[in-house]
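Numbering (the numbering used here), first residue to last: 106 to 271.
Heads up, the beta-carbon is just placed ideally off N, CA and C, and yes, glycines get one too.
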């Protein structure tokens with residue numbers, strides 16, 4: 106992979122980059138993220154700033170002649186019920202940059218962040234049962250399916266919960 110790509114953790118003043126990437130991700134795959142652009146547009150600047158402040162937000166990008174180009178995003182968040190768990194949330198790569206290993210690099214950034222937290226033993230995520238590219242990515246990172254998440258019509262699992270032991 107080219108060294109032109111870089112991973113960086115966003116800081117509080119980068120909230121507009123987070124907002125832009127989340128808007129792009131929801132426009133690309135609204136069902137995967139369980140939200141709409143309308144609901145995201147309604148979020149305040151303070152909401153976005155708090156997201157960056159309270160989560161580990163990692164961006165993959167590259168330098169171009171025009172400056173930085175953000176190509177993907179993932180967030181790491183503390184579990185609200187257990188200090189031993191964190192969540193990998195909202196993994197997204199721009200369609201023009203897929204297939205280049207950028208998702209692996211973003212996922213590894215969350216794993217590395219979790220490893221640096223003394224009390225954390227597990228990184229969890231939920232993925233749609235029919236999102237085969239994402240499932241392959243997470244399994245390549247070392248995640249294992251552990252349970253079913255939300256149910257679709259009470260018959261077929263909509264999401265699969267995966268976990269990675271740090």
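- In the DSSP annotation of this structure, the continuous segment of the beta strand (DSSP E) that includes residue 112 starts and ends at 110-114.
- Under DSSP, residue 167 forms a beta bridge with 110, 174.
- Excluding five sequence positions before and after residue 154, the CB atoms of its chain that fall closer than 8 Å to its own CB belong to 117, 120, given in chain order.
- Relative to residue 214, the option among 170, 109, 194 whose CA is nearest is 194.
- In this structure, residue 122 lies away from residue 191, with their beta-carbon atoms at least 8 Å apart.
- Taking each of 132, 111, 157, 144 in turn and checking the Cα distance to residue 168, the smallest one comes out for 111.
- The beta carbon of residue 174 sits closer than 8 Å to those of 166, 167, 168, all from its chain and outside the five residues before and after it, given in chain order.
- Non-local C-beta neighbours of residue 240 in its own chain, meaning closer than 7 Å and more than five positions away in sequence, comprise 232, ordered along the chain.
- Taking a 10 Å sphere around the C-beta of residue 198, we find 16 or more other C-beta atoms and assign the residue as buried.
- For residue 249, the enclosing beta strand (DSSP E) begins and ends at 249-253.
- A direct Cα-Cα distance of roughly 29 Å separates residue 187 from residue 141.
- Proximity to residue 253 across 184, 237, 230, 133 peaks at 230, based on C-alpha coordinates.
- Residue 269 is positioned such that its CB atom lies no closer than 8 Å to that of residue 225.
- For residue 231, the beta-bridge partners assigned by DSSP are 266.
- Cα atoms of residue 113 and residue 208: separation of roughly 13 Å, rounded to the nearest angstrom.
- Here residue 219 is buried, its C-beta having at least 16 other C-beta atoms within 10 Å.
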